[in-house]
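Notes follow once the structure below has been shown.
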Amino acid sequence: MDLSKLTPEQFKVTQQCGTEAPFTGQYVN
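Taking this note's numbering, the leading residue of the sequence shown gets 1139, the next gets one more, and so forth.
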């Protein structure tokens, strides 16, 4: 995978654990 082709957002989510904590998101029922 060529990391230089990722957008800044994609890089953060895939390489730096840039996702929100479980059960804290907008779409949790």
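Ideal placement from N, C-alpha and C gives every residue a C-beta, glycine not left out.
| query | result |
| --- | --- |
| DSSP state of residue 1164 mapped onto helix, strand, coil | coil |
| Own chain, CB closer than 8 Å to residue 1148, minus 5 neighbours either side, in chain order | none |
| Cα-Cα separation between residue 1157 and residue 1150, rounded to whole angstroms | 8 Å |
| Local conformation of residue 1141 per DSSP, three classes | helix |
| Backbone secondary structure at residue 1157 - three-state DSSP | coil |
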